[in-house]
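Visitor:
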Amino acid sequence: MKKVLSLMLLLTILTSCGKEAIDEIPEVKAEKTTYQVGTKEDNFLNIYGNIVNSTSKIINPNISGKITFLSCEPGKKVGPQTLITSISPNEDGQAFQNSSIQANSIIDQIKKLNEIKQVTIDTFEVQKKQINLQREELANSRANISENIGNDSAGIQNQLKILNDSIDLLKKNQAEAETEIENQTKTLKKNIYNSLIKASKRIDETFGITDKNINFSSNYEIYLGAGNNIGKSEVKNSGKTFIEFVDKLDENLKDLSEEDILKKLQEFSKLFKTASDVIKESMASDVYLPQAKIDGLFTEFLSYSDGFITLENNYDKLINSRQTTKTNFDMKLKELESKKSTLNSEESNLKNKENSVNISEKNIDEQLSSIEETKKAKLKEIDLQILSAEQNLKSVGINLKSENLYAETSGIIKQKLQKAEGAQVQVGTPICEIIPDKNSLKLEIYSPERLKVGDKFNYYKDSKQIGSGEIIAEYPEKTAQTQNYIYEGKINFGELKQGEYLDIKVLRKATENEIWVDLKYVFPKLDGYYVKKVVDGKATNQKVETGNMNNGKIQITSGLANGDLLEE
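Here the sequence shown stands for residues 266 to 833, numbered as in our numbering.
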């Protein structure tokens, strides 16, 4: 017997710690009508009540015990506040002992829950304190970083200014150097042009290449290069090409590329070297071509050849100098830009340190907010458990306290149904019958499930809530046809009349993980009830165990889990 009582007590404690409300998961839309399994947010029992005329009122107890006071003399006039009887619980009875043990267990449970609540509060406060210490450390870091940023940033800005000035000066020097080289190049091109014009004129005058030289003597030509007629012919042919080329030039040599100028100078140097060799092999004539003139012409043409080589070298040096200057300046500029980039990176790193502190502070704020939300949720859960335990204690406490029963109406006592004080009575035992002065209204409530005296309910007429009430008595008998339990409810009748029916919703707490689905998704078979459960997109028959029905929904005690998808 003790083992059975212990098991009942344990079940009572466990059920008292459940949450009162579970989030309801909304329906999921699909191509076919589907339903996602969820828990009930509000749990209530839908029943009905009937307003009847009270021609007789029976006084019966809500606890089992001994009558310690009884005032029920037939013919006695009574009012609503007239005390009819007092019932004391039977302290020696097993029911009282069980309730006492259960109450003490619930009291211990409430005490432990309050201790857990305080420990939870203390734990969260410690966490908040630790995080606030981190916040203080970050604040100190921010102060140090801000000070360092101010000093370092000023130094970096000063260095950046120096670098920018150096870069500007370097670019200025580069522009000046390039301008100088460009001017030298223009001057050298003019020198080349003048040398080519002069050389063109002299080779024409000496070798009689074009018709411009009307004073050219055929006798002179016989002696010129007499020892090398092949070379002489070559000089004349090449000289003609040279003269025609020079005639087309402008003083800036704008139609020639740098490569063309270098090639032409090298080519013309060879031409005048060949011409000097041809002149050297001339036959001297005292009248037409004295030896002194041969020597002079040889020296002159050789100097033209050497001059073109010199011009070629100078022009090539200017080209190389321009490229070298650009390369050197670019390298120095790149070096300065690299230093500037490094300084900018250092400045960016300083800002990143500050941003890092900002992010850390934001994370701390988020942590504090998260801790506070978690704390509220934990405390709410504990408070719900405490509230549930207190409600259970209140329910159990009814069996441990004496009960006073009043007439609750004006009338005359018809008969005494219990003989005397000291009699033992059970819950619902008739004690006294009263005939009301006037036919008064009362609400009879019919329920397929057992209710408790003190249960709260809302009542509705034409789907509109018109008030709230409380169960005040349980009738000892059930309805003959439906076997419903019958209770009396205390309400404000107002304009309500005899014969009217009311919809009653008895409020109840939901048990954690209690599964409810719409009735239309459940169908019977020979071996039980089934639903169409969608798995991997296909609907399969799933057997389920069912419990209570409530407001168009049915409780599933096994076979489904939260989140399962059903198909109609």
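Heads up, the beta-carbon is just placed ideally off N, CA and C, and yes, glycines get one too.
Going by DSSP, what residue range makes up the alpha helix (DSSP H) through N669?
Guide: N669: not part of any alpha helix (DSSP H); member of the beta strand (DSSP E) spanning E668 to Y671, first to last residue.
Visitor: What span of residues does the alpha helix (DSSP H) with E344 cover, start to end?
Guide: Reading off the sequence shown, one finds Gly at residue 344, where the question assumed Glu. G344 -> no alpha helix (DSSP H), and no H or E assigned at all.
Visitor: Tell me the DSSP secondary structure of Y580 in three-state form.
Guide: In the structure shown, Y580 sits in a helix (DSSP, three-state: H, G or I).
Visitor: Determine which residues share a DSSP beta bridge with S733 and list them.
Guide: N723
Visitor: To which residues of the same chain is E832 closer than 6 Å at the C-beta, ignoring the five residues directly before and after it?
Guide: K297, T299, K797, V799 and A804
Visitor: When the Cα atoms are used, what is the spatial distance from T320 to K770?
Guide: Whole-angstrom Cα-Cα distance: 27 Å.
Visitor: Any idea what DSSP makes of E401, helix, strand or coil?
Guide: In the structure shown, E401 falls within a helical segment according to DSSP collapsed to helix, strand and coil.
Visitor: Which residue marks the beginning of the alpha helix (DSSP H) containing T539, and which one marks its end?
Guide: E523 to K545
Visitor: Measuring CA to CA, which of G693, T744, N749 and I526 is closest to R715?
Guide: N749
Visitor: Roughly how many angstroms lie between the CA atoms of D469 and E499, to the nearest whole one?
Guide: Taking C-alpha positions only, D469 is separated from E499 by approximately 14 Å.
Visitor: Have a look at I677, K721 and K322 and flag the residue whose alpha-carbon is nearest the alpha-carbon of D702.
Guide: I677
Visitor: Within 10 angstroms of the Cβ of S465, are there 16 or more other Cβ atoms? Answer buried if so, exposed if not.
Guide: buried
Visitor: For the beta strand (DSSP E) containing S705, name the first residue and the last one.
Guide: Its beta strand (DSSP E) spans residues S705 to S712.
Visitor: Answer with buried or exposed for V384, where buried requires no fewer than 16 other C-beta atoms within 10 angstroms of its C-beta.
Guide: exposed
Visitor: Are there 16 or more other CB atoms within 10 angstroms of the CB of L398, so buried, or fewer, so exposed?
Guide: exposed
Visitor: Going by Cα to Cα distance, which pick from T452, D512 and N494 is closest to L576?
Guide: T452
Visitor: Would K640 and L428 be called neighbours here (beta carbons separated by less than 8 Å)?
Guide: no
Visitor: Of the residues L598, K322, K535 and Y313, which one's Cα is nearest the Cα of I696?
Guide: K322
Visitor: In this structure, does DSSP put Q680 in helix, strand or coil?
Guide: strand
Visitor: If you follow the beta strand (DSSP E) that F788 is in, where does it begin and where does it stop?
Guide: F788 to K790
Visitor: Return the CA-CA distance between S733 and S353, expressed in angstroms with no decimal places.
Guide: 30 Å
Visitor: Classify I349 as buried or exposed, calling it buried when 16 or more other Cβ atoms lie within 10 Å of its own Cβ.
Guide: buried
Visitor: What are the start and end residues of the beta strand (DSSP E) that includes I487?
Guide: Where I487 is concerned, there is no enclosing beta strand (DSSP E), although the alpha helix (DSSP H) around it starts and stops at S483 to Y488.
Visitor: Would you say Y740 and Y313 are within 8 Å of each other, going by their C-beta atoms?
Guide: no
Visitor: Going by DSSP, what residue range makes up the beta strand (DSSP E) through I508?
Guide: I508 -> not in any beta strand (DSSP E); alpha helix (DSSP H) instead, spanning N494 to D512.
Visitor: Ordered along the chain, which non-local residues of its own chain (more than five positions away) have a Cβ less than 8 Å from that of I324?
Guide: C337, I349, T350, L670, A672, P695, I696, C697, E698 and I699
Visitor: Quick check: the Cα distance between K818 and V787, rounded to an integer number of angstroms?
Guide: 10 Å
Visitor: With DSSP as the reference, label E292 as helix, strand or coil.
Guide: Because the pLDDT of E292 is 42, which lies under 50, any placement of that residue in the model is unreliable, and the number read from its coordinates should be weighed accordingly. In this structure, E292 counts as coil in the three-state DSSP scheme.
Visitor: Apart from the five residues on each side of it in sequence, which residues of its chain come closer than 8 Å, Cβ to Cβ, to A442?
Guide: T590 and F594
Visitor: Express the C-alpha separation of N628 and L767 in angstroms, rounding to a whole number.
Guide: 56 Å
Visitor: Can you tell me the Cβ-Cβ gap for Y724 and I756, rounded? I've got them flagged as a contact below 8 Å.
Guide: 6 Å
Visitor: Identify the residues that DSSP records as bridge partners of I316: which are they?
Guide: L708
Visitor: How long is the line joining the alpha carbons of K463 and N438, rounded to whole angstroms?
Guide: 37 Å
Visitor: Confirm, please, whether the CB-CB distance from V692 to I328 is below 8 Å.
Guide: Cβ atoms of I328 and V692: closer than 8 Å.
Visitor: Three or more C-beta pairs closer than 8 Å, one from the segment 539-546 and one from the segment 563-577: is that the case here?
Guide: Yes: at least three Cβ pairs fall under 8 Å.
Visitor: Could you tell me whether the segment 580-588 touches the segment 514-527, using the rule of 3 or more Cβ pairs below 8 Å?
Guide: Flag = yes, the segment 580-588 and the segment 514-527 touch.
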